[in-house]
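Below is one structure, written out as structure tokens; comments come after it.
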Amino acid sequence: MLIRTEKQRAPGKSSAGHYGAFAARLTFAAVLLTALPLFPWQKAQQMGSMPGMDMSGDVDMRDMGPSMAAMAGHMKMTALRPKQPGDEERAKAVVAEAKATMERYKDYRNALADGYVFAHPKAKQSQFHYMNEANGKEADVRFDPTKPSALLYRKTPHQQFKLEGVMYTADRAATEDELNQRIPLSIARWHEHIDFCAAPPDRDKEYFGAHPTFGMFGSIHTKEACEAARGTFYPTMFTWMIHVFPYESDFKDVFSMNDDVAHVH
Numbered sequence: 002m003l004i005r006t007e008k009q010r011a012p013g014k015s016s017a018g019h020y021g022a023f024a025a026r027l028t029f030a031a032v033l034l035t036a037l038p039l040f041p042w043q044k045a046q047q048m049g050s051m052p053g054m055d056m057s058g059d060v061d062m063r064d065m066g067p068s069m070a071a072m073a074g075h076m077k078m079t080a081l082r083p084k085q086p087g088d089e090e091r092a093k094a095v096v097a098e099a100k101a102t103m104e105r106y107k108d109y110r111n112a113l114a115d116g117y118v119f120a121h122p123k124a125k126q127s128q129f130h131y132m133n134e135a136n137g138k139e140a141d142v143r144f145d146p147t148k149p150s151a152l153l154y155r156k157t158p159h160q161q162f163k164l165e166g167v168m169y170t171a172d173r174a175a176t177e178d179e180l181n182q183r184i185p186l187s188i189a190r191w192h193e194h195i196d197f198c199a200a201p202p203d204r205d206k207e208y209f210g211a212h213p214t215f216g217m218f219g220s221i222h223t224k225e226a227c228e229a230a231r232g233t234f235y236p237t238m239f240t241w242m243i244h245v246f247p248y249e250s251d252f253k254d255v256f257s258m259n260d261d262v263a264h265v266h
């Protein structure tokens with residue numbers, strides 16, 4: 002299944018630089034996620050009404066784990082669409098291709114051999130991302146479920162890297178209609194991280210704690226406020242992305258937005 006959805010773009014430096022920046026920022030984000038134990042879950046639930054959040058429709062915050070909900074003030078999600086004939090079949094076809102692709106990568110060493118890179122291995126994470134830059138660049142212009150932009154692993158009591166899912170990405174300029182062509186928006190919701198303020202070097206500690214100022218959990222949501230705090234503002238932090246967990250037995254959990262629980266059993 003190959004779907005060319007975005008406007009025609011000639012590959013070049015802009016594409017390479019764009020995905021390279023994405024990979025670097027995801028690595029940086031992995032470090033920030035270590036702040037979650039200090040971030041109260043109740044506070045995360047309250048963020049659903051904070052300025053700057055664009056959930057594009059009703060979202061049950063209980064469907065998200067603490068790490069995703071804590072970032073809700075810096076997230077944009079696609080709107081949930083009415084189901085159309087064939088939507089579920091299209092979604093299941095993507096899941097089937099993802100599951101078949103994952104078979105090779107149950108051994109993480111095969112991922113390394115195929116160009117996947119462990120994003121920030123020293124950070125303590127519940128879920129590990131192995132990123133593939135070439136697949137990410139290609140995903141900007143077409144959708145190939147056999148080439149995920151990232152593989153998602155989890156540490157278990159018996160295994161260091163247990164493969165549980167994949168992450169697909171799309172160009173940050175992709176429209177919701179284009180995303181719907183890849184995976185129906187009646188079945189799953191894509192998300193992107195927005196309004197990120199990077200801290201100046203002397204204020205790094207303010208990424209963390211119960212009331213962070215900067216980053217994906219921070220209180221700053223505007224360019225003006227970020228510049229006033231001497232930070233660097235990113236209107237969009239990453240590309241569009243979606244996680245797929247083919248090993249889940251209940252189809253409603255296959256596109257789960259809860260990364261804090263295991264999706265392989």
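The numbering of the sequence shown is my numbering, which starts it at 2 and goes up by one. We put the beta carbon where it would ideally sit given N, CA and C, even for glycine.
Which ranges would you report for the alpha helix (DSSP H) in the stretch 203-231 if only whole runs of at least 4 residues count? 224-229
Going by Cα to Cα distance, which pick from L152, G232 and T240 is closest to M78? Looking at L152, G232 and T240, the one whose alpha-carbon comes closest to that of M78 is T240.
Under the DSSP definition of a beta bridge, which residues are partnered with T170? M242
Tell me which same chain residues have a C-beta within less than 8 Å of the C-beta of E139, skipping the five on either side of it? D145 and K148
From the DSSP secondary-structure annotation, give me the bridge partner or partners of V118. Paired residue(s): M132.
Alpha carbon to alpha carbon, how far is G232 from P201? Give it in angstroms, no decimals. 5 Å
As a quick exercise: from T223, Q182 and K156, pick the residue whose alpha carbon is nearest that of A124. K156
Output needed for G116: all residues of its chain with C-beta closer than 7 Å, excluding positions within five of it in sequence on either side, in chain order. N133 and A135
Assuming contact is defined by CB atoms lying nearer than 8 Å, are Y131 and F119 in contact in what I supplied? yes
Pick out whichever of R82, S250, Y208 and H266 has its Cα sitting closest to the Cα of K93. S250
Three or more C-beta pairs below 8 Å linking the stretch 185-198 and the stretch 209-229: The stretch 185-198, when compared against the stretch 209-229, does touch it at the 8 Å Cβ threshold.
Just how far apart, CA to CA, sit K84 and E90? 11 Å
Could you give the DSSP three-state label for M103: helix, strand or coil? helix
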